[in-house]
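Participant: Handing you a structure now.
Numbering (my numbering), first residue to last: 9 to 259.
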């Protein structure tokens, strides 16, 4: 009798346990199936979201690059305007203090030849430009007018191999001739053998012959040598003005 009673109690406990645990087991299985079948969709959604964010970042990056390019261009324009204003102020100041009346002009073309150093300016006969006029920048003499048209003129630079300028060495007052080399340098020739010319000496126009006004700066001595055959000293001169960067001049 006692054994039968224990069996009933055990059976009852098993039934109660099944009843209590069955919903949990059912929910767990349902959840497992849902998680399993929904995983690919969740992965696709996650990848899609990442791709969407990446696409958004790329668009934003492209916009930022365009804005940066525009800002760089504006900055470049501003810098160019500032530099132009500085050049024009220096040119105006030089013009006001020059001992002669002058005409402002812009360089519109450069000589393509390695040995012919010349530029074309946007002023000609109609503006009062004449042949053999000296041409300067605030740094000093750069050349002379060799051809004149109605609205443009050709300027031969002092570095041209055909250029000849009467000069004087500022400190020692030796007179000589400055010739072009077709490169960035000029050469002073016919200096006396006893000339005490030194590196760093300033070279000015002498005014001899009347072609160039007296006292215009040209450049400084970089090297001194002796021509023993022709029996004279010479000196290589670096012009004050970089001939490749001339933009505005005075005639």
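Glycine included, every Cβ here is placed at the ideal spot set by N, Cα and C. All figures in this text were calculated on a predicted structure; none of them were measured in a lab.
Quick one: measure Cβ to Cβ for residue 258 and residue 110, integer angstroms, because I've assumed they're closer than 8 Å.
Facilitator: 4 Å
Participant: In terms of alpha-carbon separation, which member of 168, 144, 170 and 195 lies closest to residue 256?
Facilitator: 144
Participant: Rounded to a whole number of angstroms, what is the C-alpha to C-alpha distance between residue 253 and residue 235?
Facilitator: 33 Å
Participant: Measuring only the C-alpha atoms, how far is residue 191 from residue 238?
Facilitator: 23 Å
Participant: So, residue 240 versus residue 205, is the Cβ gap smaller than 8 Å?
Facilitator: no
Participant: Using 8 Å as the threshold, is the C-beta distance between residue 167 and residue 251 below it?
Facilitator: yes
Participant: Give the C-beta separation of residue 142 and residue 152 to the nearest angstrom, bearing in mind that I take them to be a contact with Cβ-Cβ under 8 Å.
Facilitator: 6 Å
Participant: If you draw a straight line from the C-alpha of residue 208 to the C-alpha of residue 67, how long is it?
Facilitator: 59 Å
Participant: Quick check on DSSP: helix, strand or coil for residue 164?
Facilitator: Reduced to three states, the DSSP call for residue 164 is strand.
Participant: Pick helix, strand or coil for residue 30, following the three-state DSSP scheme.
Facilitator: The pLDDT assigned to residue 30 is 49, lower than 50, so where the model puts this residue is not dependable; a value taken from the coordinates is nonetheless given after this. Residue state, collapsed to three classes: helix.
Participant: Measuring alpha carbon to alpha carbon, tell me which residue in 147, 223, 113 and 117 is nearest residue 134.
Facilitator: In terms of Cα proximity to residue 134, the closest of 147, 223, 113 and 117 is 113.
Participant: Can you give the Cα-Cα distance for residue 216 and residue 146, rounded to whole angstroms?
Facilitator: So the alpha carbons of these two residues sit roughly 22 Å apart.
Participant: Which term fits residue 138, buried or exposed, when burial requires 16 or more other beta carbons within 10 angstroms of its beta carbon?
Facilitator: exposed
Participant: So, is residue 170 buried or exposed, given that buried needs 16 or more other C-beta atoms within 10 angstroms?
Facilitator: exposed
Participant: To which residues of the same chain is residue 224 closer than 6 Å at the C-beta, ignoring the five residues directly before and after it?
Facilitator: 148, 149 and 213
Participant: Have a look at residue 222 and residue 70 and give me their C-alpha separation to the nearest angstrom.
Facilitator: 60 Å
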